[in-house]
Amino acid sequence: MRLPRALALAALLALPAQARAQEAVPAEGSTPVTKEEVHALLEGFTEQISTMQTDLDKLKKFKFSGYVQARSEVGEASSDSVRVTGSSATSPGTFTSPNVSRFFIRRARLKLTYDSSPLSRAVVYFDGGSDRTIRLLEGYVTLLDPWTPLHDHALTMGQFNVPFGWEIERSSSVRELPERSRAENVLFSGERDRGLKLDSQWTPQLSTSFALLNGGGVNSADFAATDPTRGKDFVGRVRWSQGPWDAAVSYYAGRQTTPLTGPDVETDKTRIGFDAQAYYTAPRLGGGSLRAEVYSGHDVNADSLKAIVTGASGARLLVPGRDPAHLATDFRGGYVMWVQNAGDRAQLVARYDVWDPNADADHDQYRRLGVGVNAFYDGFTRLTVSYDAITTEAPAGAGSYRDPKDNLWTFQLQHKF
Amino acid sequence: MNRTARLPSTLAALLALALATAAAAKPVSVKGSDTMVILGQRWAEAYMNTTPGQVVMVTGGGSGTGIAALINGTTDICQASRAMRPDEKLKLRDRYQTMGVETPVARDGVTIYVHGSNPVPSLTIAQVRDIYMGRVTNWKQVGGRDATILLYGRENSSGTYGFFKEMVLANRDFADRLQALPGTSAVVNAVSKDPNGIGYGGAAYAKGVKEVPLKKDDGGAPVLPSLASVSDGSYPLSRYLFFYTRQKPAGDVKKFVDWVLTPEGQKIVGAVGYYPLK
Numbered sequence: 001m002r003l004p005r006a007l008a009l010a011a012l013l014a015l016p017a018q019a020r021a022q023e024a025v026p027a028e029g030s031t032p033v034t035k036e037e038v039h040a041l042l043e044g045f046t047e048q049i050s051t052m053q054t055d056l057d058k059l060k061k062f063k064f065s066g067y068v069q070a071r072s073e074v075g076e077a078s079s080d081s082v083r084v085t086g087s088s089a090t091s092p093g094t095f096t097s098p099n100v101s102r103f104f105i106r107r108a109r110l111k112l113t114y115d116s117s118p119l120s121r122a123v124v125y126f127d128g129g130s131d132r133t134i135r136l137l138e139g140y141v142t143l144l145d146p147w148t149p150l151h152d153h154a155l156t157m158g159q160f161n162v163p164f165g166w167e168i169e170r171s172s173s174v175r176e177l178p179e180r181s182r183a184e185n186v187l188f189s190g191e192r193d194r195g196l197k198l199d200s201q202w203t204p205q206l207s208t209s210f211a212l213l214n215g216g217g218v219n220s221a222d223f224a225a226t227d228p229t230r231g232k233d234f235v236g237r238v239r240w241s242q243g244p245w246d247a248a249v250s251y252y253a254g255r256q257t258t259p260l261t262g263p264d265v266e267t268d269k270t271r272i273g274f275d276a277q278a279y280y281t282a283p284r285l286g287g288g289s290l291r292a293e294v295y296s297g298h299d300v301n302a303d304s305l306k307a308i309v310t311g312a313s314g315a316r317l318l319v320p321g322r323d324p325a326h327l328a329t330d331f332r333g334g335y336v337m338w339v340q341n342a343g344d345r346a347q348l349v350a351r352y353d354v355w356d357p358n359a360d361a362d363h364d365q366y367r368r369l370g371v372g373v374n375a376f377y378d379g380f381t382r383l384t385v386s387y388d389a390i391t392t393e394a395p396a397g398a399g400s401y402r403d404p405k406d407n408l409w410t411f412q413l414q415h416k417f
Numbered sequence: 001m002n003r004t005a006r007l008p009s010t011l012a013a014l015l016a017l018a019l020a021t022a023a024a025a026k027p028v029s030v031k032g033s034d035t036m037v038i039l040g041q042r043w044a045e046a047y048m049n050t051t052p053g054q055v056v057m058v059t060g061g062g063s064g065t066g067i068a069a070l071i072n073g074t075t076d077i078c079q080a081s082r083a084m085r086p087d088e089k090l091k092l093r094d095r096y097q098t099m100g101v102e103t104p105v106a107r108d109g110v111t112i113y114v115h116g117s118n119p120v121p122s123l124t125i126a127q128v129r130d131i132y133m134g135r136v137t138n139w140k141q142v143g144g145r146d147a148t149i150l151l152y153g154r155e156n157s158s159g160t161y162g163f164f165k166e167m168v169l170a171n172r173d174f175a176d177r178l179q180a181l182p183g184t185s186a187v188v189n190a191v192s193k194d195p196n197g198i199g200y201g202g203a204a205y206a207k208g209v210k211e212v213p214l215k216k217d218d219g220g221a222p223v224l225p226s227l228a229s230v231s232d233g234s235y236p237l238s239r240y241l242f243f244y245t246r247q248k249p250a251g252d253v254k255k256f257v258d259w260v261l262t263p264e265g266q267k268i269v270g271a272v273g274y275y276p277l278k
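Chains as they are written, first to last, in the working numbering: chain C, 1 to 417; chain S, 1 to 278.
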């Protein structure tokens, strides 16, 4: 827009000077420029600028944002990274001995937002990381209420983050450690689902989110086609924000289908979560925060699936005599996390997270101590170095258990735009 | 000279260079509000005169741009003519674990500008709201001549835009036909050439246009922005102008912020056309 304006200004400045020159010494064979001609020229410029302004205003409704995370991982021989093959709670990817270090693109994301009017907007969000396949991560339309000045209520329909807890909706581009907690990864694999959501800001402190979802989540095998349970899952969250601290309670209720040869088995799925964050400023160092989140509930877990369902010859059958109600178990999980900035360019992080898929069974827990450093190269690029000390209780025969060597170094460069 | 002999002198030179670099004050960057850019530049010039070796760089772009720069870490101080919004505080918290530190540095009265020939004697806040929301479209509806009102305003990255929208429009939307201009100077320039135009912006920019006295309501007295009316709150559109930092100012940033709040710094506020804090 600046160039046409500059041209118009130049024309404005140049033409009167030219006219004056011609008044003083009329050039041979030339016609003096009249005021009417200047006026017409100006009007022409104004019209062009108005047209371009209109076009520019339309373009300004499009907003592109995104980020790239280029990553290197070095793991111990038995490291079990949930992200190697596109995660699944039941079949996590595995590092094998010949492949304990690698470079890959963890996330390559592009988000397009179109603010079509003050009362509605649409978002399309793609990811092309990990397996180099471009896939739709989010796609939704949001309607904003017309009856409150700040549009305190928003109704969203489409594919979006499940409004449960704290970690899920926090973008990977701002998270201080490369991956979310194990409990979140297992319970909300992919973090997103399809449905209808109502977000409300009741007071500056109190906000709520309620949603009806298909329930499978974007990483479930039957996600794209249908909702096999037909009934919709419900999720609700109430959050209170009081200056330097936030706290929220979340609740999820639904059904889960386990596909079998013959009639499928449906089990209840309930999840309760509590999260809290507290912020402080340390002298000389800068801002810091303490965060915690716990999950508990009842859900199908991978171990009971392996114990109760047999998959010989392509068939998925219940092991004779096993009760299908035992597919679902009571689970517990959560994390505590500490983040401390060290000036504007560095950040220290530590997190301890646990995941117990069956609260009634021993020796099936996952525990991880993750520590990391973020170094900010500029306002858009950062380097993350983290180390995960992982304890995975695995059967070692004859009633004994072992902790596989699966600790992991991660080096990641991220650019956000 | 052999290499062994040259090494100590090279190291000494490098050490001297490093010490000189370390001793040199780091430039303080200030970015944000277009309303405050001239004020910021005057502060910077005066401060650099009194503090040899210290560089203060001031740029505009709008309060929203300045706040984004604060979040991105590309400025030390954000100048803002509006308070930070909750979503901006959350972004700052995401990156720095802080909610930002707000320091009021001056006061201003957002002024309604019209062309010098416009006969309208005063406007109520409700009339200004109706004009900018498109409910009133002709000057004769508010005591002026029979002519269509042409609306000029600021782009949405501007803090003055945000303040005006909140305080005058009660956060409702502007009329579609408003022409958003990049900077208060552009608004003043447009209104000064348009007999039917109306604009708004900081008091310091009201040159070559008529300032319209404002009334809080129909029964209120018309008031123009002045040190007295802005200080005692009788001018309905008075506001603070802010410095924002990511955390409590320290080092060279603190020295500059502290200086801005001294009588010397506040004297410049009055000289530029705004109103000092005390």
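Every residue gets a Cβ at the ideal spot worked out from N, C-alpha and C, and that includes glycine.
Determine, using beta carbons only, whether Val110/S and Arg246/S come nearer to each other than 8 Å.
no
Residues that Val339/C contacts on chain S, provided the C-beta gap is smaller than 7 Å
Gln97
Tell me which residues share the same chain as Val191/S and place their Cβ nearer than 8 Å to its Cβ, disregarding the 5 neighbours each side in the sequence.
Tyr113, Val114, His115, Tyr152, Gly197, Ile198, Gly199, Val209
Mind checking if Gly93/C is an interface residue toward chain S, Cβ cutoff 8 Å exclusive?
The predicted position of Gly93/C is uncertain, since its pLDDT is 48 and thus under 50; no value can be drawn from it.
Check whether the Cβ of Ser400/C lies closer than 8 Å to any Cβ atom in chain S.
no
Along chain C, which residues have their Cβ under 8 Å away from the Cβ of Tyr73/S?
Per the sequence presented here, residue 73/S reads as Gly, with Tyr not at that position. By Cβ distance, chain C contributes Asp344, Arg345, Phe376, Asp378, Gly379.
Please name the residues in the stretch 268-291 of chain C whose beta-carbon is closer than 7 Å to at least one beta-carbon of chain B, in chain order.
You won't find chain B in this structure, because its protein chains are C and S.
Identify the residues that DSSP records as bridge partners of Met457/C: which are they?
Outside the shown range of chain C, which is 1 to 417, sits residue 457/C, and nothing can be said about it.
Touching or not, the stretch 158-169 of chain S and the stretch 134-147 of chain S, by the rule of three or more beta carbon pairs under 8 Å?
no
Counting only runs that start and end within the stretch 137-167 of chain C, where is the beta strand (DSSP E) found for 3 or more residues in a row?
153-161
Pull up the distance between the alpha-carbon of Gln266/S and that of Pro276/S, whole angstroms please.
5 Å
When DSSP labels each residue in this structure, what does Tyr274/S get in the three-state scheme?
coil
Have a look at Thr258/C, Ala278/C, Phe164/C and flag the residue whose alpha-carbon is nearest the alpha-carbon of Leu213/C.
Phe164/C
Go to Val110/S, then tell me how far its beta strand (DSSP E) extends in each direction, as first and last residue.
No beta strand (DSSP E) contains Val110/S, which DSSP labels as neither H nor E.
Select from the stretch 159-175 of chain C all residues with a C-beta closer than 7 Å to any C-beta belonging to chain S, and list them in chain order.
Val174
Just the C-alpha distance for Val223/S and Gly66/S, rounded to the nearest angstrom, thanks.
31 Å
Taking buried to mean at least 16 other C-beta atoms within 10 Å of its own C-beta, is Arg102/C buried or exposed?
exposed
Where Asn171/S meets chain C, residues with beta-carbon distance less than 7 Å
Pro149, Leu150
Within chain S, partners of Pro118/C - CB distance below 7 Å
Asp173
Three or more C-beta pairs closer than 8 Å, one from the stretch 382-396 of chain C and one from the stretch 44-63 of chain C: is that the case here?
no
Whose C-alpha, out of Leu261/S, Ser33/S, Pro27/S, is nearest the C-alpha of Gly183/S?
Ser33/S
Secondary structure, beta strand (DSSP E): runs of 3+ residues fully inside the stretch 175-242 of chain C
192-201, 206-213, 233-242
Taking the alpha carbon of Thr267/C as the point to measure from, which residue in Pro146/C, Arg255/C, Thr261/C, Gly273/C has its own alpha carbon closest?
Arg255/C
Identify the residues that DSSP records as bridge partners of Tyr279/C: which are they?
Ser289/C
How about Lys26/S: is its C-beta nearer than 8 Å to some C-beta of chain C?
no
Does any C-beta atom of chain C lie closer than 8 Å to the C-beta of Arg246/S?
yes
Would you decide whether Asp233/C is buried or exposed? Buried here means 16 or more other CB atoms lie within 10 Å of its CB.
buried
Nearest CA to the CA of Tyr244/S: which residue from Ala44/S, Thr50/S, Arg82/S, Gln54/S?
Arg82/S
Measuring only the C-alpha atoms, how far is Asp406/C from Gly75/C?
6 Å
How about Gln242/C and Gly288/C: are their beta carbons less than 8 Å apart?
no
Uninterrupted alpha helix (DSSP H) stretches inside the stretch 62-112 of chain S (no shorter than 4 residues):
63-72, 86-96
Exposed unless 16 or more other CB atoms sit within 10 angstroms - verdict on Tyr235/S:
buried
Any C-beta of chain C sitting closer than 8 Å to the C-beta of Arg93/S?
yes
Is the Cβ-Cβ distance between Leu317/C and Thr261/C less than 8 Å?
yes
Ala8/C versus Gly158/C - alpha carbon distance:
Only weak support exists for where Ala8/C lies, its pLDDT of 49 falling under 50; the coordinates are left without a value.
Thinking just about the alpha-carbon of each residue, which of Lys91/S, Gln141/S, Val105/S is nearest to the one in Ser122/S?
Gln141/S
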